[in-house]
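Engineer: Before I ask anything, let me first share the structure, which is written out below as structure tokens.
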Amino acid sequence: MSKHQLVPLGELANGEIRPIEINGRSLLLVRGQTGPALVDRICPHAGSDLVNGSVVGNRIRCPTHSYLFNLETGSCPLGRREGWGPLKVYKLIESDGYLCVQTNELENTIE
Ligand code: FES
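Note that our numbering gives residue 73 to position 73 of the sequence shown, counting from 1, and the numbers run on in steps of one.
What follows is the structure in structure tokens.
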């Protein structure tokens, strides 16, 4: 199964938000309190660019309305109440000293 190498293990600093493009898709690698996460770059609430957000514990805060999205599940309590979806989170794997994402993970979950 093919995979994309993202960064060497341990390279992503705590609180870092790093933009990544894979096959024309805009994603963010983020290191929260419980480790690295790969998420969509665009906020599911109203389309802001989360690269300008900030990391709070294990959540990313959107720069526009300050909503917080869990980096493990993508959930936002306001989204559940208001009926819009979570931030997409992609499963990371470790392989050959790198953080990676499997190609099928991206194909199956990005619209
Ligand atoms: S655009 Fe991100 S919380 Fe509103």
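Where is the CB? At the ideal position from N, CA and C, for every residue including glycine.
Taking residue 13 as the reference, which of 36, 70, 75, 56 has the closest Cα?
Structural biologist: If you number the sequence shown from 1, residue 13 lands on position 13. Closest option to residue 13, Cα to Cα, is 36.
Engineer: Closer than 8 Å by C-beta to residue 96: which residues in its own chain qualify, once you throw out the five before and the five after it? Chain order, please.
Structural biologist: Within the sequence shown, residue 96 is the residue found at index 96, counting from 1. The residues are 5.
Engineer: Closest to residue 15 by C-alpha separation, out of 28, 23, 21, would be which residue?
Structural biologist: The residue you call residue 15 lines up with position 15 of the sequence shown. Nearest C-alpha to residue 15: 28.
Engineer: Anyone know if the C-beta pair for residue 9 and residue 105 falls short of 8 Å?
Structural biologist: Looking up residue 9 in the sequence shown gives position 9. Looking up residue 105 in the sequence shown gives position 105. Not a contact, by the Cβ cut-off of 8 Å.
Engineer: Sorry if obvious, but does the Cβ on residue 90 come closer than 7 Å to a heavy atom of the ligand FES?
Structural biologist: Translated into positions along the sequence shown, residue 90 becomes position 90. Outside the cutoff, so no.
Engineer: Work out the CA separation of residue 73 and residue 31 for me, nearest whole Å.
Structural biologist: The residue labelled residue 31 in the question sits at position 31 within the sequence shown. The residue labelled residue 73 in the question sits at position 73 within the sequence shown. Taking the straight line joining both Cα atoms gives about 14 Å.
Engineer: Grab me the residues of residue 76's own chain with a C-beta within less than 6 Å of its C-beta, minus the 5 sequence neighbours each way, in chain order.
Structural biologist: Stepping through the sequence shown from its first residue, residue 76 is reached at position 76. Cβ neighbours of residue 76 beyond the five flanking positions: 67, 69.
Engineer: On the DSSP bridge list, what partners appear for residue 91?
Structural biologist: As a first step, residue 91 is located in the sequence shown; it is residue number 91 there, counting from the start. In DSSP, residue 91 forms no bridge with anything.
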